[in-house]
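So my numbering is basically just the index in the sequence shown, starting at one, shifted up by 139.
Even for Gly, the Cβ is constructed at its ideal location relative to N, Cα and C.
Encoded as structure tokens, the structure appears first; notes follow it.
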Amino acid sequence: MFAVGARATLFADSGACHVTRHRSPAWKLVLPIGGHAVLRPDGGPVAEAPGLVVPPRLAHTCAASSAYAALFVDPWLLPRAPGPIRLDAGTVRRLLTALGPTGVDGPSPVPDLDAAYAELLRHTGRPRALDPRVAHAVRALRRPGHATPLDTVASEVGLSPPRLRALVRASVGIPLSTLRQWARLRDALTAPPGTPLADAAADAGFADQAHLTRTARALVGRTPGSLRPRHPSRVASSAEG
140 MFAVGARATL FADSGACHVT RHRSPAWKLV LPIGGHAVLR PDGGPVAEAP
190 GLVVPPRLAH TCAASSAYAA LFVDPWLLPR APGPIRLDAG TVRRLLTALG
240 PTGVDGPSPV PDLDAAYAEL LRHTGRPRAL DPRVAHAVRA LRRPGHATPL
290 DTVASEVGLS PPRLRALVRA SVGIPLSTLR QWARLRDALT APPGTPLADA
340 AADAGFADQA HLTRTARALV GRTPGSLRPR HPSRVASSAE G
């Protein structure tokens, strides 16, 4: 399953999994269904728990010993943390329950991403409000095709492109170019069923299928073919986040 909402992106797999080294621009929650998650960060101690919250841009490999849900939350939607957060079994169950009915193979086909995000905030607390200019810039990434030139976005908020890039990086901790890659990756993975991968890559703004594959490996540690479900979905949300 791969589902995209305004506040979160969900990937769920019906079996155990290991992903290669990557650095996601988003927060990543690994929620095994009855198993454990194992995180091996570059230069840091191994973390193992019933569930894990991995901060953005942490280079790592990760594994789940059972079917699991991986919830990706944009970096500005949670308060910053110095390192991975271990989740106990009760917290994992509450988060999975918030997503909807969960069986041994994964969560509901129509997950409630807003409810899961609200449950997560009870554990982490709320983030600081974004500068309105930064909020406008990250919303611009959700425009169809994500092709709005940076000059245009900067002009809309009354800043030069270099100043906007610096402001976004200081506020969010992620380069604007990486956030745009993340948005394009989500677009490619939610292309209509039957769309050839090369066409999905082009429609999302990638140079070619190889560019999409490199981006998927760098940001989530998997190939786009292994991430892309037969029936991807965009989940309705009550707010943009």
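Measuring alpha carbon to alpha carbon, tell me which residue in the options is nearest residue i.
i	options	result
proline 164	Ala147, Leu259 and Leu252	Ala147
alanine 228	Leu191, Trp215 and Lys167	Leu191
isoleucine 224	Leu178, Ala198, Asp253 and Ser205	Leu178
tryptophan 404	Pro266, Val193, Leu259 and Arg261	Nothing in the structure corresponds to residue 404, since the chain is present only between 140 and 380.
threonine 334	Gly183, Leu260 and Arg367	Arg367
serine 316	Ala268, Pro240, Ala176 and Leu289	Leu289
arginine 282	Gly344, Ala206, Ala337 and Thr230	Gly344
tyrosine 399	Ala279, Ala186 and Phe141	This structure gives no information on residue 399, because the portion of the chain shown stretches from 140 to 380.
valine 311	Arg272, Ala327 and Ala203	Arg272
Where do the N-terminal and C-terminal ends of the beta strand (DSSP E) with residue i fall, by residue?
i	result
leucine 149	147-152
leucine 210	207-212
Distance, Cα to Cα, residue i vs residue j?
i	j	result
valine 292	isoleucine 313	17 Å
glutamate 379	aspartate 213	Residue confidence for glutamate 379 is low, a pLDDT of 46 falling below 50, so the modelled location carries little weight; the figure read from the coordinates is stated next. Going from the Cα of glutamate 379 to the Cα of aspartate 213 covers about 11 Å.
glycine 360	alanine 151	14 Å
glycine 364	histidine 350	13 Å
valine 346	alanine 340	Checking the sequence, you will find alanine at residue 346 rather than valine. Approximately 7 Å between the Cα atoms of the pair.
arginine 353	alanine 237	33 Å
serine 376	alanine 254	With a pLDDT of only 48 at serine 376, under 50, the local geometry of the prediction cannot be trusted, and the value read off the model is given with reservation. Each residue's Cα considered, the two are about 10 Å apart.
threonine 329	valine 143	8 Å
alanine 357	proline 195	13 Å
glycine 239	arginine 232	11 Å
valine 249	glutamine 320	25 Å
Determine whether the beta carbon atoms of residue i and residue j lie at a separation below 8 Å.
i	j	result
alanine 155	glycine 174	yes
leucine 168	proline 180	no
leucine 210	leucine 149	yes
threonine 401	histidine 262	Residue 401 cannot be examined here, being either before or after the span of the chain that is shown, 140 to 380.
leucine 252	alanine 276	no
tryptophan 166	valine 185	no
alanine 279	leucine 324	no
leucine 298	leucine 306	yes
cysteine 201	alanine 176	yes
How is residue i classed by DSSP in three states: helix, strand or coil?
i	result
proline 190	The residue you asked about is not proline; residue 190 is glycine in the sequence shown. Strand at glycine 190.
histidine 175	coil
valine 277	helix
threonine 200	strand
Output the boundary residues of the alpha helix (DSSP H) element that contains residue i.
i	result
arginine 319	315-328
threonine 354	348-359
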